[in-house]
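Be aware that the sequence shown starts at 568, since it is given in the numbering used here, and climbs by one per residue. What follows is a set of notes on a single structure, which appears directly below.
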Amino acid sequence: CFYDAMEKLERAYSSSRKLYDALEGVHSELGASQPQQIIQYVEALRSKMSGPTLESVLNGIPPTTVSVRTSVKEAAALMKENHTTAVLVQDAGAITGIFTSKDVVLRVIAPGLDPANCSVVRVMTPHP
């Protein structure tokens with residue numbers, strides 16, 4: 568699972584790198600003779616194209632975690648509070664699963680489970 572994600576990230580980086588290089592070429596050709604708005608636009612595109620580095624991922628904010636006993640309602644509130652779509656589920660300090668917004672929709676709401684009385688361990692994706 569981890570290796571698949573890394574391969575996806577590398578493929579995305581490779582294709583976006585080509586566009587990034589093209590934008591660098593455009594920026595160097597524009598030079599100072601073009602209006603500042605165009606230069607700022609190209610710079611904004613370049614900054615959006617450069618994805619996260621491994622260092623920024625590893626040194627970033629730690630992931631949101633919950634216990635296996637946490638209710639779906641509490642986990643969803645944490646996801647909203649932390650502006651994320653997933654939380655890692657831990658049991659005795661070890662990661663046992665991941666609970667995502669997709670799990671909320673497909674495994675809680677669709678079958679009609681009560682988010683306040685359903686723990687994440689029942690509906691999480693185990694062993695991510």
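Quick reminder that beta carbons are idealized off the backbone N, C-alpha and C, glycines included.
Contact check for V656 against L645 fails: the beta carbons are separated by 8 Å or more. Listed as beta-bridge partners of A659 by DSSP are no residues whatsoever. The residue among R578, I676, I665, D681 with its C-alpha nearest the C-alpha of V688 is I665.
Partner residues in the beta bridge of G664, as assigned by DSSP, are V656, P693.
Boundaries of the alpha helix (DSSP H) harbouring V639: 639–648, taken from the DSSP string. Comparing C-alpha distances from S668 to each of H694, I676, E574 shows the shortest one belongs to I676. For V633, the enclosing beta strand (DSSP E) stretches over residues 632–634.
Within the DSSP bridge table, the entry for S581 names no partner.
In this model, V690 and S581 are separated by some 35 Å (Cα to Cα).
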